[in-house]
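Visitor:
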Amino acid sequence: MKKAASSSVGAPAQRTQSSRKGKRAWRKNVDLDEVEGGLEELRAEERATGTTLQKKKDEDLFQVDVTGDDVVRRTLPKFSERVLTSTKILSQRSAVPAVFSRATENAAKAGTKRKVVTHDEKTRLLRMGKRLRQGPFNAYVDPNQVGEGSAMLELSEAAKEAGKYDVWSEEAPEKVTVKAPQTQHPRSLIALPAVPSPHEGTSYNPPVVSHQELLKTAHEIEVEKWKGVAELEAMKAKIEKARAIAAAEAASASAVGTAPGMKVDLPTGAEVEEEDANAEPLPPKKMPARKTKQQRKKAERLRAEKQALAEKAARKRMLASVDSAKALRKALARNVAARERLREQQQLALQEKLKKGLAGERIGKHKVPEGQIDVQLGEELSESLRALKPEGNLFKDRFISMQQRALIEPRVPVIVRTRGKTKEYEKHSYKRFDREY
């Protein structure tokens, strides 16, 4: 196999290949000898003079010698066979300054300033490198302690302000004022008393009208509950019916060999033969004919006319809208005013609703309970306080009242459910009860 040719500088070159397909082939097979030679000459000039000769002035490059110098010949370097090759290599110094990492005398003379590393940055770098760092009292801090790595462990605000506050000073410390939000808290709008007065119908000897009114209210609440239960039962019945229909369809589909839910009419042999005899052959598919040059020009002209008409209609609408800008501005102002009035009405309605508390509103995942109506039937009413039947729970009433006044969030009792059923075992001693006793 023929080895690829290489340039004089050392970069590989494959110019024997005649193919020039694609950018890869051009980059791979192009001849760069002239370009690389020119770049190498520029690098040699930078190493010898510190910069390229093109950037230097004529005064730096040329000098008119009118007197001559006899010492020039002596100062010129001479080739000596006795000098070692390593010495020759080391004597070839470049005019480009070397990269330095530490402050040296030559760098200080040249005026280059070393970047000063702060104490915090040095501590962070030592922590990242897990190097021992010197702490207070010249003690070395263990890098395995809490906070190693790149994390910065700064003092807290309490530690920074330690020792500045005098407990016995007469001057009062400045209090930080917290800016209140612009929106009001719902708690400030609620006008519900902590202990609401009970209804007249809850008395042990209530008036007839109040008692009947309270009974009617309790009856309406109970009817609404039963409506919800009935709707839930109807929905469950629909679901069960749909499941039964789906199971029956799946069974019939599996018997026929089709997908569930698919209804297929299986034809008989006579019907299949009759359909085959009466079947008409399908018409051949026609390929669209190629348009002529005249037809293409006509279609292009129609498309241009259609676009021109659309632009004309859009321009006409724009001019009409410019003429009616004043009317549009007035209509916009009316719409804004109407929306503002509607928003104010909604705010007022919300405030009026909040005055009665949050009963029945959903706050988060749960709904604020409305509370139960404690009412007794006519035959349960007593004629004296001695025979009065206690109703309700004071603790539950206070808890619901706090939820309705937005003092606590609504909650529901958490019921702990066991995974398995409780099993009962009979001990052997109980089996021998008759024998022993």
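Here the sequence shown stands for residues 0 to 436, numbered as in numbering that gives the first Met the number 0.
Where is the CB? At the ideal position from N, CA and C, for every residue including glycine.
1) Grab the span of the alpha helix (DSSP H) containing E173 for me, first residue to last.
2) Distance check for L393 and I399, CA to CA, integer angstroms please.
3) Quick check: the segment 184-201 against the segment 337-357, are there 3 or more CB pairs under 8 Å?
4) DSSP state of I238, grouped into three classes?
5) Looking only at its chain, what residues have a beta carbon closer than 8 Å to the beta carbon of E299, apart from the 5 residues adjacent to it on each side?
6) If D373 sits next to T201, beta carbons under 8 Å apart, how far is it from one beta carbon to the other, in whole angstroms?
7) Straight-line CA distance for P368 to P409?
8) How should V63 be labelled, buried or exposed, when 16 other C-beta atoms within 10 angstroms of its C-beta is the threshold for buried?
9) Quick check on P195: buried or exposed, where buried means 16 or more other Cβ atoms within 10 Å of its Cβ?
10) Quick check on Q375: buried or exposed, where buried means 16 or more other Cβ atoms within 10 Å of its Cβ?
11) Provide the residue(s) that pair with K366 in DSSP beta bridges, ordered along the chain.
12) Distance, Cα to Cα, G419 vs S251?
13) Does DSSP classify L60 as helix, strand or coil?
14) So what does DSSP say about E279, is it helix, strand or coil?
15) Between which two residues does the alpha helix (DSSP H) holding G411 run?
16) Sorted by chain position, which residues of the same chain lie with C-beta nearer than 6 Å to K224's C-beta, five sequence neighbours on each side aside?
17) Would Q345 be called buried (16 or more neighbouring beta carbons within 10 Å of its own) or exposed?
18) So, helix, strand or coil for G148, using DSSP?
19) Indicate whether Y203 and L406 have their beta-carbon atoms separated by less than 8 Å.
20) Quick one: grab the DSSP three-state call for L191.
21) Using only CA atoms, which one of L387, Q350, R416 lies nearest to Q183?
22) Helix, strand or coil for P185? Go by DSSP, reduced to three states.
23) Does DSSP put Q293 in a helix, a strand or coil?
24) For H210, name the three-state secondary structure that DSSP assigns.
25) Quick one: measure Cβ to Cβ for E44 and L52, integer angstroms, because I've assumed they're closer than 8 Å.
26) Just the C-alpha distance for T48 and S93, rounded to the nearest angstrom, thanks.
27) Suppose the cutoff is 7 Å on Cβ atoms and the five residues either side in sequence are ignored; what does the same chain contact list for L154 look like?
28) Can you tell me which of the three DSSP states R333 falls into?
29) Please state the DSSP three-state secondary structure of M286.
30) Just to confirm my understanding: we take K1, look at its own chain, exclude 5 residues before and 5 after, and list those with CB closer than 7 Å. What are they?
31) DSSP state of L376, grouped into three classes?
Guide: To lay it out plainly:
1) Taking the sequence shown and counting its residues from 1, the one referred to as residue 173 is at position 174. Run containing E173: none; DSSP gives neither H nor E here.
2) As a position in the sequence shown, residue 399 is number 400, starting the count at 1. As a position in the sequence shown, residue 393 is number 394, starting the count at 1. Roughly 10 Å separates the two Cα atoms.
3) yes
4) Walking along the sequence shown from the start, residue 238 turns up at place 239. Helix, per DSSP.
5) Walking along the sequence shown from the start, residue 299 turns up at place 300. Once the five neighbours on either side are set aside, E299 has no close Cβ partner at all.
6) Counting from one through the sequence shown, the residue named residue 373 turns up at place 374. Counting from one through the sequence shown, the residue named residue 201 turns up at place 202. Contact between D373 and T201 holds, with the beta-carbon distance rounding to 6 Å and staying under 8 Å.
7) Reading the sequence shown from its first residue, position 369 is the one you call residue 368. Reading the sequence shown from its first residue, position 410 is the one you call residue 409. Computed Cα separation, rounded: 8 Å.
8) The residue given as residue 63 occupies position 64 in the sequence shown. Burial call: exposed.
9) Translated into positions along the sequence shown, residue 195 becomes position 196. That one is exposed.
10) For the purposes of this step, residue 375 is taken as the residue at position 376 of the sequence shown. Buried, by the Cβ-count rule.
11) Translated into positions along the sequence shown, residue 366 becomes position 367. Answer is R361, bridged to K366.
12) Taking the first residue of the sequence shown as 1, we reach residue 419 at position 420. Taking the first residue of the sequence shown as 1, we reach residue 251 at position 252. Answer to the nearest angstrom: the Cα atoms are 38 Å apart.
13) Here residue 60 refers to the residue found at position 61 when the sequence shown is read from its first residue. Helix at L60.
14) Counted from its first residue, the sequence shown places residue 279 at position 280. Of the three classes helix, strand and coil, the one that applies to E279 here is coil, per DSSP.
15) For the purposes of this step, residue 411 is taken as residue 412 along the sequence shown, with counting starting at 1. In the sequence under discussion, the amino acid at residue 411 is Val, which differs from the Gly named in the question. Segment: none, V411 is in no alpha helix (DSSP H) and carries neither H nor E.
16) For this step, residue 224 is matched to residue 225 along the sequence shown. If we look at K224 and ignore the five residues flanking it on each side, it has no Cβ neighbours.
17) The residue you call residue 345 lines up with position 346 of the sequence shown. By the neighbour-count rule (16 or more Cβ atoms within 10 Å), Q345 is not buried but exposed.
18) Locating residue 148 in the sequence shown gives position 149, counting from the first residue. Only weak support exists for where G148 lies, its pLDDT of 48 falling under 50; the value from the coordinates is given anyway. Looking at G148 - three-state DSSP - the assignment turns out to be coil, as it is neither helix nor strand.
19) By one-based count along the sequence shown, residue 203 stands at place 204. By one-based count along the sequence shown, residue 406 stands at place 407. No, the pair does not count as a contact, with Cβ atoms beyond the cut-off.
20) Locating residue 191 in the sequence shown gives position 192, where the first residue counts as 1. Residue state, collapsed to three classes: coil.
21) By 1-based counting over the sequence shown, the position of residue 183 is 184. Of L387, Q350, R416, the residue nearest in Cα terms is Q350.
22) Taking the sequence shown and counting its residues from 1, the one referred to as residue 185 is at position 186. Residue state, collapsed to three classes: helix.
23) Sequence index remark: in the sequence shown, residue 293 carries index 294 (1-based). Helix at Q293.
24) As a first step, residue 210 must be located in the sequence shown, where it is residue number 211. In this structure, H210 counts as helix in the three-state DSSP scheme.
25) Mapped onto the sequence shown, residue 44 falls at position 45. Mapped onto the sequence shown, residue 52 falls at position 53. That pair is a contact at about 5 Å.
26) Counting from one through the sequence shown, the residue named residue 48 turns up at place 49. Counting from one through the sequence shown, the residue named residue 93 turns up at place 94. Answer to the nearest angstrom: the Cα atoms are 8 Å apart.
27) As a working note, residue 154 is residue 155 in the sequence shown. Closer than 7 Å at the Cβ level, and outside the excluded window around L154, lies no residue.
28) The residue given as residue 333 occupies position 334 in the sequence shown. Helix.
29) One-based indexing of the sequence shown puts residue 286 at position 287. Note: M286 maps to coil in three-state DSSP.
30) Counting from one through the sequence shown, the residue named residue 1 turns up at place 2. Per-residue confidence for K1 stands at a pLDDT of 47, beneath the threshold of 50, marking its modelled position as unreliable; the derived number appears in the next sentence. Cβ within range, chain order: n/a, list empty.
31) Within the sequence shown, the letter at position 377 stands for residue 376. Coil.
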